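Be aware that the sequence shown starts at 1, since it is given in the numbering used here, and climbs by one per residue.
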Amino acid sequence: GIPLPHDPDVANENIFLSGILEKRNACQAQVSYTISPQWEFSAGVTWESIENKDNNMGASEKNTYFQMELNYQF
């Protein structure tokens, strides 16, 4: 990465002025199924792509998150 000044305000200005900006894209899908009037199951997935992570040129990251829920209503 680019060496930055110790002052965080100046460092953030330099990152912005250098034109290296972090870019995030995410896509999410979720499905749910009602098992009975009281029970519901849902599952979801999120795909995330990060370019220039933490404003570092060429640093990229891809993440996948899964979530499942089983809900009971009284």
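Even for Gly, the Cβ is constructed at its ideal location relative to N, Cα and C.
A quick note: this is a predicted structure, and the numbers were derived from the prediction, not measured.
Could you pull the DSSP bridge partners for residue i from this structure?
| i | result |
| --- | --- |
| Met-68 | Ala-43 |
| Gln-30 | Gly-44 |
Suppose the cutoff is 6 Å on Cβ atoms and the five residues either side in sequence are ignored; what does the same chain contact list for residue i look like?
| i | result |
| --- | --- |
| Asn-63 | Glu-48 |
| Leu-70 | Phe-41 |
As a quick exercise: from the options, pick the residue whose alpha carbon is nearest that of residue i.
| i | options | result |
| --- | --- | --- |
| Glu-61 | Tyr-33, Ile-50, Gln-28 | Ile-50 |
| Glu-22 | Phe-41, Val-45, Asp-54 | Asp-54 |
| Gln-28 | Val-45, Asp-9, Val-10, Gly-58 | Val-45 |
Under three-state DSSP, which class holds residue i?
| i | result |
| --- | --- |
| Asn-55 | helix |
Given residue i, which residues of its chain have a CB within under 7 Å of its CB, disregarding the five upstream and five downstream residues?
| i | result |
| --- | --- |
| Thr-34 | Glu-40 |
In chain order, what residues of the same chain lie with their CB nearer than 8 Å to the CB of residue i, ignoring the 5 residues before and after it?
| i | result |
| --- | --- |
| Asn-52 | Ile-20, Leu-21, Glu-22, Lys-23, Gly-58, Ala-59, Ser-60 |
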